[in-house]
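Below you'll find the structure, written out as structure tokens, and then a few comments.
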């Protein structure tokens, strides 16, 4: 075919595509997203956006990564065609302003020339179905409407819309609901996690970035687009409110710039006014969701000078509508505010009636356009404000206190130190390297200057948190929304040297920080990767009695205490999903430890010991392990106790038979490892000389996700490679008292304490109360039982994949469980 005809054919096809009408969602889906009893899946939603891109020059679709299960992640860039033609220009303007690179005069000029960038994502928590279902309608309205507002938004705003930020989860939920709709199981909970490893915790990964989805989005936000507003949508409003909107509740994290919080409050006011104007009652603010926590998709942007907006819309029952009688509504919210009478932050109460997925979708669209209109009305103000905050952070850092953080490489766990630096860099923190020694700091150390635009984020992650005591004239201290302490160097076991005053040093900016190669040093977390690689190749690995890792070329190889083998590990996973089990699997995958996921029926088999050397029970209550989800159970806390019937095949627990098999597994030589609340199972049911210290409400001890100082017996093989003094992340579990009477503490009853709470100065970061109940008590105990052992962790050593500093306490006993003890020579 002649070249001219080929070119004509291409142009003709492009002209046809350009002339194609913008697809009506109902024609594409066969229903309007938001209809009763209908859920669109990811293929349908992505397909509609692909059609939209083909039909209009106001949309550009971008694939920006792949999910944990390999699905593509798309962002729709929506604006006027003229803006999209110059998209690179506007991205460059935003970048220069967000990073404070422009001079004051240039910043004013660029702010007037640029376009505000707004980010709206949907569907992070997949069982909160309304956000993803509303996404096509937002794009459709913004592209097709010719109102004055829509035109203003398209002219002055570039919307980065992620229609489905958790594609894997949406498909699981849509398939599950379609399977159950019209049956007694219609509103039954999903029997497994809707995000690989994390489930609901996929919105708790935004500073550690263990999940690929988190890393892709983080790159988009803090290294490519730098939006002025980041709107993260959810669907769990405080009942009976219909939507939570900013401002957030107290306390305020001091590392969030005041201008960010004032701006968030201003956007929240615009949303509140629009809900009132559109006659949509039930908008509430200043409750439940605080401004302290760092780690969520709406909170991390606030530490990056961006307006992080969260809404929580009502309706947690898929696409099944529900009627609420006034008598079902509580008189007050949990914070004491009246639920049936107007108040400052709940000015028009919702008094019941029918509520359906369509209502939630419409409320979200109202919030969308309130935000987009706010950005479109004053784009230059948002752009210039981004520059002002960046410059303010840089100037504050230049003054010192702190001036910089130095991460030396000459430390026991070099690999984890570099992993910490890598994660900071992923989030937009500039990393430098010392070309030569300065002061007491070695050459090649990483240097993190506080004089950078995202100083608030850096300082917040590097410094200890001190959660404030908030209470009224009477009553208990206000409980935090999530964890209260997360200081990275502490929980990752990394030494960081703070520099308070400006110093002169020869530094170079580092491109991409690369992971270090694994080493065979037990103090370094990478040693487990090195061992796994050697074992996979069939090489011999041994451990000495002092923890040294030996290979066949080692001088002391013949005098080793243990021959290390590939572990045979089982991780128990209940129906309904257990995030702590998920994070356990993440840890094992990250360090190449093979494992098998076991369910209730597996735990009742008679050959557990023949199949496995170690079984892990992640944190969950004894009742849930034994009995699991019961037929006809309520979805507690979700829209006033929604009743559902779970499918029978996904109910129950291991039962008494499974408990007996588990006890026999240990007695026959297996290792049982229990985290957090799961420690109660063996403590209460096995003949162990251990009892739990009374927990919060009984002893008064309370640690809502805080970093606590502990002392470690690192001569114990369980703690090989650990420092004598460490930090553990405690989220409310307790400790143990050990019976040390000689007649009980020997032979197959011998019990040893591996880790204890500090005897004083317990709190390292966060908040704790009632600490006297646990000072000096055991927090990690190894208890012999028959030929095997039970290891009790009064904390979660793998919590959300964050505490690298306590990973060894999990990985060591897994390898020991399968190791062969060698006779001394």
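Residue numbers (our numbering): 56 to 880. C-beta: ideal position from N, C-alpha, C; glycine also.
**Report entry** Contacts around residue 554, its chain only, beta-carbon distance under 6 Å, and the 5 residues preceding and following it disregarded
**Finding:** 458, 459
Query raised in the report: Does the segment 536-546 come close enough to the segment 813-825 that 3 or more CB-CB pairs lie under 8 Å?
Result: yes
Query raised in the report: Out of 240, 865, 85, 416, which has the shortest C-alpha to C-alpha gap to residue 644?
Result: 865
Query - Sufficient close CB pairs (3 or more, under 8 Å) joining the segment 473-485 to the segment 273-291 - result: yes
Query raised in the report: What is the C-beta distance between residue 781 and residue 809, in whole angstroms, given that I count them as a contact (C-beta under 8 Å)?
Result: That belief does not hold up - the Cβ atoms of residue 781 and residue 809 are roughly 11 Å apart, past 8 Å.
Requested in this report: Give me the Cα-Cα distance between residue 600 and residue 612, rounded to the nearest whole angstrom.
Outcome: 11 Å
Report task. Could you round the C-beta distance between residue 372 and residue 296 to whole angstroms and report it? I think they count as a contact, below 8 Å. Result -> The Cβ separation is near 16 Å, so there is no contact.
Requested in this report: Kindly indicate which residue of 839, 684, 640 has the alpha-carbon position closest to the one of residue 630.
Outcome: 684
Report task. Could you tell me which residues DSSP pairs with residue 307 in its beta bridges? Result -> 346
Query - Given residue 444 as reference, the closest of 312, 573, 336 once Cα atoms are compared - result: 312
Query raised in the report: Quick one, are the C-beta atoms of residue 154 and residue 175 less than 9 Å apart?
Result: no
Report task. Put residue 171 into one of helix, strand or coil per three-state DSSP. Result -> strand
**Report entry** Pairwise C-alpha distance: residue 726 and residue 691
**Finding:** Any reading at residue 691 is ruled out, since the residue's pLDDT is 44, under 50, leaving its predicted position unreliable.
**Report entry** residue 775 in three-state terms, based on DSSP
**Finding:** coil
Requested in this report: Note down the Cα distance separating residue 868 from residue 772, rounded to an integer number of angstroms.
Outcome: 8 Å
Query raised in the report: Can you round the beta-carbon distance between residue 120 and residue 222 to whole angstroms, since I take them to be within the 8 Å contact cut?
Result: Contact flag wrong, Cβ pair sits at about 11 Å.
Query raised in the report: What number of angstroms, rounded off, separates the C-alpha of residue 394 from the C-alpha of residue 403?
Result: 10 Å
Requested in this report: Rank 850, 384, 841 by C-alpha distance to the C-alpha of residue 834 and give the top, closest one.
Outcome: 850
Query raised in the report: Which residue or residues does DSSP assign as beta-bridge partners of residue 846?
Result: 728, 837
Query raised in the report: For residue 492, which residues from the same chain have a beta carbon less than 7 Å from its beta carbon, with the 5 sequence-adjacent residues on both sides left out?
Result: 498
Requested in this report: Please state if the CB of residue 292 and the CB of residue 346 are separated by a distance shorter than 9 Å.
Outcome: no
Requested in this report: Report the three-state DSSP secondary structure of residue 287 (helix, strand or coil).
Outcome: strand
**Report entry** Helix, strand or coil at residue 868 [DSSP, three-state]
**Finding:** helix
Query raised in the report: Quick one, are the C-beta atoms of residue 468 and residue 856 less than 9 Å apart?
Result: no
Query raised in the report: In terms of DSSP beta bridges, what is residue 875 paired with?
Result: 618
Report task. Just tell me which of 873, 340, 318 has its CA closest to the CA of residue 623. Result -> 873
Query - residue 861, buried or exposed, once every other Cβ within 10 Å from all chains shown has been counted against 16 - result: buried
Query raised in the report: Is residue 747 near residue 708, with beta carbons less than 9 Å apart?
Result: no
Query - Spatial distance of residue 149 from residue 538 (CA atoms) - result: 33 Å
Query - Cα-Cα separation between residue 442 and residue 158, rounded to whole angstroms - result: 10 Å
Query - Per-residue DSSP class, three states only, for residue 690 - result: Because residue 690 carries a pLDDT of 47, less than 50, the predicted location of this residue cannot be relied on, and no value is offered for it.
Query raised in the report: Is the distance from the Cβ of residue 197 to the Cβ of residue 132 below 9 Å?
Result: no
Query raised in the report: Any contact of the segment 236-254 with the segment 316-330, i.e. 3+ C-beta pairs under 8 Å?
Result: no
**Report entry** Assigned secondary structure, residue 129 (DSSP; H/G/I helix, E/B strand, else coil)
**Finding:** strand
Requested in this report: Determine the extent of the alpha helix (DSSP H) in which residue 424 is found, giving its start and end residues.
Outcome: 412-432
Query raised in the report: What first and last residue would you give for the alpha helix (DSSP H) that runs through residue 651?
Result: Where residue 651 is concerned, there is no enclosing alpha helix (DSSP H), although the beta strand (DSSP E) it sits in stretches over 650-653.
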